[in-house]
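*Asks:* This is the structure I have questions about; it appears just below.
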Amino acid sequence: MPSIKENSQKALEEIDTPFSSSDPSHLSEEALFEIIAQSPFFKKKHQEAEEALLKVDWSQISKKS
153 MPSIKENSQK ALEEIDTPFS SSDPSHLSEE ALFEIIAQSP FFKKKHQEAE EALLKVDWSQ
213 ISKKS
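Numbering (this note's numbering), first residue to last: 153 to 217.
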């Protein structure tokens, strides 16, 4: 399984950005997350997660009081 750093570098390579994937240290965390969020890889993973959540039978999950 790829590490977060590997996925981040892959995302930076996949999208059109003026920043180098080899040295993103000058970017803030928020800027990095924004860039990564635009990656087709992470967009696909987000969509898969949303689809999985829609398939959950939430009525079978009890609330703790």
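We treat Cβ as the ideally placed atom computed from N, Cα and C, and that holds for glycine. Quantities reported herein were computed from a predicted structural model and do not represent experimental measurements.
Tell me whether Ser-191 sits in a helix, a strand or coil according to DSSP, three-state version.
*Replies:* Numbered from its first residue, the sequence shown carries residue 191 at position 39. Reduced to three states, the DSSP call for Ser-191 is coil.
*Asks:* Assign Phe-194 to buried or exposed, taking buried as 16 or more other Cβ atoms, counted over all protein chains shown, within 10 Å of its Cβ.
*Replies:* In the sequence shown, counting from the first residue as 1, residue 194 sits at position 42. Classification for Phe-194: buried.
*Asks:* Please classify Ile-156: does DSSP put it in a helix, a strand, or coil?
*Replies:* By one-based count along the sequence shown, residue 156 stands at place 4. Reduced to three states, the DSSP call for Ile-156 is helix.
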